[in-house]
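*Asks:* As numbered in this note's numbering, residues 636 to 981 make up the sequence shown, in order. Note that the Cβ used here is the ideal one computed from N, Cα and C, for glycine as well.
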Amino acid sequence: MDILRNFIAYANGSTLRERERDIFPAEASANAKGNSGDKIHLRIQKPVNAKVFEDKIRVILSSVSIYEPQTFPVKRPEFEDIEKVVIAEARKKIRSLKFWTLPRRRDDYVGENTFPRYKEAVGKWEIDKADFEIAENKRVAELNKSEQERAGIESKAIEDDLKAFMSPSIENIRDKIKSTLKSVQSPYGLSIAYAWSENTVYLDVLYPERDIMLKCEYHTTPRTITEGNFRYINILLGSSYVLASHIFNIGETVRNVVVTGHSQILGTKIEETLYAVNFDREKFQTEFRTIKKFSPIDSFFKYQYLFDATPARGNIHPIRIRLENGLFENRFEHMEFEFLAIRPTI
């Protein structure tokens, strides 16, 4: 628990949360669409691992189209067909009043012309067929080469992504954390301080006022105060899973995601830390290998956490940190925290 308590103590005792307040995005009623907070699990990203990349490569390689040359579409000339044409010609061309001479003369015409024409037609057909096959083989070779090159480029890109994902160290890790957090879909604004240290990402999250969150996540008004309390717990704790799921998918080097959540008391500058949790990669990815509807509060207990609410009514008790002589582990003072505002996007 020390890491959670120390992180909260540092956040409370430094300028961290003051800077988060300064960049907190303004809320607009137009963003309050009601997103059914009981389905917050649908915003949790499915865990990424090496198999995900390998499956993508398999799909690409299996999708490679193998083109085959088309068959020459023109039928080879038939002797009988040409003979019929020549016979018809003979009847038109050879006419005489001496009708008894016609059969012999026409037979002679057919005999003299049919075979030469057949030979000529077959020769032309063979030349056309050879030209077609040369062109077709060239076309198919170019298509197959292009298809193989496409698959090679796409699979190489995924192989590079896999190497980066599996690497014990990630270049520009802070930029990746920033871009990942920016991609998170949220129905309400958030302000986040984040840092990276020893394979752990630290997130200190400033939430809007409770009623704004409820309005943005649920279509209906809670029937009782207790129902509203448990709805709030559901979306408050559930949001930590959404954030952690995105961060873990940066790469295998991220072994833990520590999230603390806080909010201001309405109309004051008093900060209340509502929860803190230390998600470890193995347990998190096992739990969400197949994402189904889940209870954030029940799942929370599987991790190292700080959270307290009355079981019957769901009243959240803010976390109070008491440290002797006001001292705490100062590892956080040496971290470079950066700040990011997430505007409502859904």
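Kindly list the residues whose CB is nearer than 7 Å to the CB of R924, restricted to its own chain and excluding five residues on each side of it in sequence; keep chain order.
*Replies:* On the sequence shown, position 289 is the one that residue 924 refers to. Contacts found: P682.
*Asks:* Closest by CA to S930, which one among G873, E715, A879 and N913?
*Replies:* Within the sequence shown, residue 930 is the residue found at index 295, counting from 1. That would be G873, whose Cα lies nearest to the Cα of S930.
*Asks:* Cβ atoms of F800 and G886: under 8 Å apart, would you say?
*Replies:* Mapped onto the sequence shown, residue 886 falls at position 251. Mapped onto the sequence shown, residue 800 falls at position 165. Yes, Cβ-Cβ distance for G886 and F800 is below 8 Å.
*Asks:* Over what stretch of residues does the beta strand (DSSP E) that includes S814 continue unbroken?
*Replies:* On the sequence shown, residue 814 is found 179 positions in, with the first residue counted as 1. Run containing S814: none in the beta strand (DSSP E); it sits in the alpha helix (DSSP H), I808 to K817.
*Asks:* DSSP state of V973, grouped into three classes?
*Replies:* Numbered from its first residue, the sequence shown carries residue 973 at position 338. The question names Val, yet the displayed sequence has Glu at residue 973. DSSP places E973 in strand when its eight states are reduced to three.
*Asks:* With which residues is H897 paired in a DSSP beta bridge?
*Replies:* Counted from its first residue, the sequence shown places residue 897 at position 262. According to DSSP, H897 bridges with L841 and T908.
*Asks:* Would DSSP call V592 helix, strand or coil?
*Replies:* Any property of residue 592 remains undetermined from this structure, which presents the chain solely from 636 to 981.
*Asks:* To the nearest angstrom, report how far apart L778 and P704 are at their CA atoms.
*Replies:* Within the sequence shown, the letter at position 143 stands for residue 778. Within the sequence shown, the letter at position 69 stands for residue 704. Taking the straight line joining both Cα atoms gives about 11 Å.
*Asks:* Just confirm the distance between the C-beta atoms of R948 and Q820, as a whole number of angstroms; I'd bet it's less than 8 Å.
*Replies:* What you label residue 948 is simply residue 313 of the sequence shown in a count that begins at 1. What you label residue 820 is simply residue 185 of the sequence shown in a count that begins at 1. That belief does not hold up - the Cβ atoms of R948 and Q820 are roughly 31 Å apart, past 8 Å.
*Asks:* With 16 other CB atoms within 10 Å as the buried threshold, where does S826 fall?
*Replies:* Translated into positions along the sequence shown, residue 826 becomes position 191. With 16 or more Cβ atoms within 10 Å of its Cβ, S826 is classed as buried.
*Asks:* Hey, quick one: how far does the beta strand (DSSP E) through Y940 stretch, first residue to last?
*Replies:* Here residue 940 corresponds to residue number 305 of the sequence shown, with the count starting at 1. Counting along the chain, the beta strand (DSSP E) containing Y940 begins and ends at Q939 to L941.
*Asks:* Is the stretch 828-843 in contact with the stretch 717-732, if contact means three or more CB pairs nearer than 8 Å?
*Replies:* Fewer than three Cβ pairs drawn from the stretch 828-843 and the stretch 717-732 lie within less than 8 Å of each other, which leaves the two stretches out of contact.
*Asks:* Out of I675, V775 and L797, point me to the one whose CA is closest to I692's CA.
*Replies:* The residue labelled residue 692 in the question sits at position 57 within the sequence shown. If we check each option's Cα against that of I692, L797 comes out closest.
*Asks:* Leaving aside the five residues before and after A646 along the sequence, list all residues of the same chain whose C-beta is less than 7 Å from its C-beta, in chain order.
*Replies:* The residue you call residue 646 lines up with position 11 of the sequence shown. Only R652, D839 and T895 meet the Cβ criterion.
*Asks:* If L841 sits next to S880, beta carbons under 8 Å apart, how far is it from one beta carbon to the other, in whole angstroms?
*Replies:* Walking along the sequence shown from the start, residue 841 turns up at place 206. Walking along the sequence shown from the start, residue 880 turns up at place 245. Going by Cβ atoms, the distance from L841 to S880 rounds to 20 Å, so no, they are not a contact pair.
*Asks:* Over what stretch of residues does the alpha helix (DSSP H) that includes A944 continue unbroken?
*Replies:* The residue given as residue 944 occupies position 309 in the sequence shown. Premise fails: A944 is in no alpha helix (DSSP H) and is neither H nor E.
*Asks:* Taking only the alpha-carbon atoms, compute the straight-line gap between E852 and F865 and give it to the nearest angstrom.
*Replies:* Counted from its first residue, the sequence shown places residue 852 at position 217. Counted from its first residue, the sequence shown places residue 865 at position 230. Spanning the two alpha carbons is a distance of roughly 13 Å.
*Asks:* What do you reckon, are the CB atoms on P953 and Y823 nearer than 8 Å?
*Replies:* On the sequence shown, position 318 is the one that residue 953 refers to. On the sequence shown, position 188 is the one that residue 823 refers to. Taking 8 Å as the cut-off, the beta carbon of P953 is found no closer than this to the beta carbon of Y823.
*Asks:* Count the other CB atoms, across all protein chains shown, that sit within 10 Å of the CB of I788; report buried if there are 16 or more and exposed otherwise.
*Replies:* Here residue 788 corresponds to residue number 153 of the sequence shown, with the count starting at 1. Exposed is the call here.
*Asks:* Which residue wins for smallest C-alpha separation from K937, given the options D743, Y876 and R726?
*Replies:* Indexing the sequence shown from 1 puts residue 937 at position 302. It is Y876 whose Cα lies nearest to the Cα of K937.
*Asks:* Can you grab the Cα-Cα spacing for the pair E973 / T945, in whole Å?
*Replies:* Locating residue 973 in the sequence shown gives position 338, where the first residue counts as 1. Locating residue 945 in the sequence shown gives position 310, where the first residue counts as 1. Going from the Cα of E973 to the Cα of T945 covers about 34 Å.
*Asks:* How many Å lie between V844 and N884 at the Cα?
*Replies:* Locating residue 844 in the sequence shown gives position 209, counting from the first residue. Locating residue 884 in the sequence shown gives position 249, counting from the first residue. In the sequence as displayed, the identity of residue 844 is Glu instead of Val. Answer to the nearest angstrom: the Cα atoms are 29 Å apart.
*Asks:* Does the beta-carbon of K773 have 16 or more other beta-carbons within 10 angstroms, so that it is buried, or is it exposed?
*Replies:* Counted from its first residue, the sequence shown places residue 773 at position 138. Exposed, since its Cβ has fewer than 16 Cβ neighbours within 10 Å.
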